[in-house]
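A.B. asks: Once you know that position 131 of the sequence shown is 1432 in this note's numbering, the rest is easy, because the numbers rise by one and skip nothing.
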Amino acid sequence: MQPKLRMTKNRVYRNNGAIGALLDEYEKSITEFKEVIKDVNSKELIQIVDSKTEDEDCKSIQTIITHVVRAGYTYVIEIRRWLGEDIKYKEKETLNSILEYNEALDKMFAYNEQLFDDYPNIKLEELEPHKKVHVRWGQKYDVEQLFEHAIVHILRHRRQIELFKNKISR
1302 MQPKLRMTKN RVYRNNGAIG ALLDEYEKSI TEFKEVIKDV NSKELIQIVD SKTEDEDCKS
1362 IQTIITHVVR AGYTYVIEIR RWLGEDIKYK EKETLNSILE YNEALDKMFA YNEQLFDDYP
1422 NIKLEELEPH KKVHVRWGQK YDVEQLFEHA IVHILRHRRQ IELFKNKISR
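This is the structure:
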């Protein structure tokens, strides 16, 4: 069941409480991310900007966006696994254009929205550490914290791409 939407100052908001707020802010972070990458051309996309980093996901704009898309799926997969689903992690998929990445970001966000359609009564907050989602990178989160992490993850990489764009000779 899709939540009702409410319009405020030319922006549409979901009308389903905390879940709606999380999804609205996640969608906003993706929109801002897409705004930053919209003018990246194919040469800039693949250009190695940080050759010194040991993090393979942070060498070029392409590797960053690839990482962002995959991570966006991973957060939901972690929750679905915690809920008992037998589901595999998404493989890294390198794309060749901003248009393709925009479509991938949209699909990733739709996958996140689907979680709340499938589990409309999911408990967002969990105070007991042993009942939290234990993710593969070692942290423990409740559903709300994991979505908050997902939002900030997009924001951090948006900032990183902004810095990369400043380094690229245009």
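Just so it is clear, CB atoms sit at the ideal spot from N, CA and C, and this is done for glycine as well.
1) Is it buried or exposed, TYR1390, if we count other Cβ atoms within 10 angstroms and call 16 or more buried?
2) Are the CB atoms of THR1367 and GLU1394 nearer to each other than 8 Å?
3) How is the alpha helix (DSSP H) around LEU1312 delimited, first residue to last?
4) Does THR1375 come within less than 8 Å of chain C when only Cβ atoms are used?
5) Check whether the Cβ atoms of VAL1313 and ILE1469 lie closer than 8 Å to each other.
6) State the DSSP-derived secondary structure class of TYR1376, mapped to helix, strand or coil.
7) Measure the CB-CB distance between GLN1444 and LYS1424 and report whether it falls below 8 Å.
8) HIS1458 bridges to which residues according to DSSP?
C.D. replies: A quick look at the data gives this:
1) The residue you call residue 1390 lines up with position 89 of the sequence shown. Exposed: under 16 other Cβ atoms inside 10 Å.
2) For this step, residue 1367 is matched to residue 66 along the sequence shown. For this step, residue 1394 is matched to residue 93 along the sequence shown. Yes, they are a contact pair.
3) Against the sequence shown, residue 1312 aligns to sequence position 11. The identity of residue 1312 in the sequence shown is Arg, whereas the question assumes Leu. Element bounds for ARG1312: not the alpha helix (DSSP H) but the beta strand (DSSP E), 1312-1315.
4) Although the question refers to chain C, the structure presented lacks it and comprises just one protein chain.
5) To locate residue 1313, count along the sequence shown from 1; it is residue 12. To locate residue 1469, count along the sequence shown from 1; it is residue 168. No, these two residues do not count as a Cβ contact at 8 Å.
6) Start at 1 with the first residue of the sequence shown, and residue 1376 comes out as number 75. TYR1376 falls in the helix class under three-state DSSP.
7) Residue mapping note: residue 1444 aligns to position 143 of the sequence shown, counting from 1. Residue mapping note: residue 1424 aligns to position 123 of the sequence shown, counting from 1. Position check: residue 1444 holds Val in this sequence, whereas Gln was assumed. Yes, the pair counts as a contact, with Cβ atoms nearer than the cut-off.
8) Here residue 1458 corresponds to residue number 157 of the sequence shown, with the count starting at 1. BP columns for HIS1458 are empty, so no partner.
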